[in-house]
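Chains as they are written, first to last, in this note's numbering: chain S, 3 to 113; chain C, 2 to 116.
Idealized CB from N, CA, C, for every residue including glycine.
All values reported here derive from a predicted model rather than from experimental measurement.
Comments concern the structure below.
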Amino acid sequence: DAKTTQPPSMDCAEGRAANLPCNHSTISGNEYVYWYRQIHSQGPQYIIHGLKNNETNEMASLIITEDRKSSTLILPHATLRDTAVYYCIVRAQGGSEKLVFGKGTKLTVNP
Amino acid sequence: KAGVTQTPRYLIKTRGQQVTLSCSPISGHRSVSWYQQTPGQGLQFLFEYFSETQRNKGNFPGRFSGRQFSNSRSEMNVSTLELGDSALYLCASRSALAGLYNEQFFGPGTRLTVL
Chain S
3 DAKTTQPPSM DCAEGRAANL PCNHSTISGN EYVYWYRQIH SQGPQYIIHG
53 LKNNETNEMA SLIITEDRKS STLILPHATL RDTAVYYCIV RAQGGSEKLV
103 FGKGTKLTVN P
Chain C
2 KAGVTQTPRY LIKTRGQQVT LSCSPISGHR SVSWYQQTPG QGLQFLFEYF
52 SETQRNKGNF PGRFSGRQFS NSRSEMNVST LELGDSALYL CASRSALAGL
102 YNEQFFGPGT RLTVL
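So this is what it looks like as structure tokens:
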């Protein structure tokens, strides 16, 4: 079973920041938080991952709470092309490459 | 670099038949994983291959099998198809470099419909 809890759906206005929350209260010390997204009818796409520090790349920022029990993926300026299902996954680096996907959050970016 | 390619993209079979799906990973990637996606169960891990060896297997019946060739291309086979096998089958490849997180790159999937 997935070790994460995400809201089933969220809406965001185009151009505004989209903040997607994820709860992972049972995360272990060696487990990372990964985010993937799946645009309709395509394969999932890697976005970002982190252990305990905040991370930023060209796609998004990842904010992880100090106790590591939750995190937030931030898309700073959402566009219509960001409409997708976003998956938060916890996984130990160096372990199995198996990704355990939950149901994710369906983000709809509205014009 | 070309992405992960999967063939065929769409397939229709009838119950009891078998099917073989193909995946060509990104050049240089040695690990290939397979996932099944259905509306009811979501994305579920099937198996992972690395250097022609199965390294991990999900909770699927033995009707689901796979293999990897020396050029890292992979095939998965489903025998004695059931209606519930209708799904999007996704292949993902990664470079498997030691010491780094190697993100998985997913292909577009093969949409299998079992009638």
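| query | S/E33 and S/V92 look like a contact to me (Cβ under 8 Å); what is the Cβ gap, rounded to whole Å? | reply | Mapped onto the first sequence, residue 33 of chain S falls at position 31. Mapped onto the first sequence, residue 92 of chain S falls at position 90. Confirmed, about 5 Å.
| query | Does S/L101 get closer than 9 Å to chain C when you measure Cβ to Cβ? | reply | Numbered from its first residue, the first sequence carries residue 101 of chain S at position 99. Yes, S/L101 lies at the interface with chain C (some Cβ there is under 9 Å from its Cβ).
| From what residue to what residue does the beta strand (DSSP E) around C/N64 run? | For the purposes of this step, residue 64 of chain C is taken as the residue at position 63 of the second sequence. Sequence inspection shows Arg at residue 64 of chain C; the Asn mentioned does not correspond to that position. Segment: none, C/R64 is in no beta strand (DSSP E) and carries neither H nor E.
| request: Grab the span of the beta strand (DSSP E) containing S/N25 for me, first residue to last. | output: By 1-based counting over the first sequence, the position of residue 25 of chain S is 23. Note, S/N25: beta strand (DSSP E), A20 to N25.
| Between the CA atoms of C/G110 and C/A88 - distance to the nearest angstrom | Position 87 of the second sequence, counted from the start, is the residue given in the question as residue 88 of chain C. Position 109 of the second sequence, counted from the start, is the residue given in the question as residue 110 of chain C. Approximately 10 Å, taken between the alpha carbons.
| Within 10 angstroms of its Cβ, does C/S52 collect 16 or more other Cβ (buried), or is it exposed? | Position 51 of the second sequence, counting from 1, holds the residue named residue 52 of chain C. Burial call: exposed.
| query | To which residues does DSSP link C/N78 through a beta bridge? | reply | Stepping through the second sequence from its first residue, residue 78 of chain C is reached at position 77. DSSP, once it has assigned bridges, lists C/T21 and C/S66 as partnering C/N78.
| query | Whose C-alpha, out of C/G29, C/N78 and C/R95, is nearest the C-alpha of C/Q18? | reply | Counting from one through the second sequence, the residue named residue 18 of chain C turns up at place 17. When only C-alpha atoms are compared, the closest one is C/N78.
| query | Within 10 angstroms of its Cβ, does C/Y11 collect 16 or more other Cβ (buried), or is it exposed? | reply | For the purposes of this step, residue 11 of chain C is taken as the residue at position 10 of the second sequence. The residue in question, C/Y11, is exposed, as its Cβ has fewer than 16 Cβ neighbours within 10 Å.
| Pair within 9 Å by beta-carbon distance, S/S63 and S/L53 | Taking the first sequence and counting its residues from 1, the one referred to as residue 63 of chain S is at position 61. Taking the first sequence and counting its residues from 1, the one referred to as residue 53 of chain S is at position 51. Result no, Cβ atoms of S/S63 and S/L53 do not sit closer than 9 Å.
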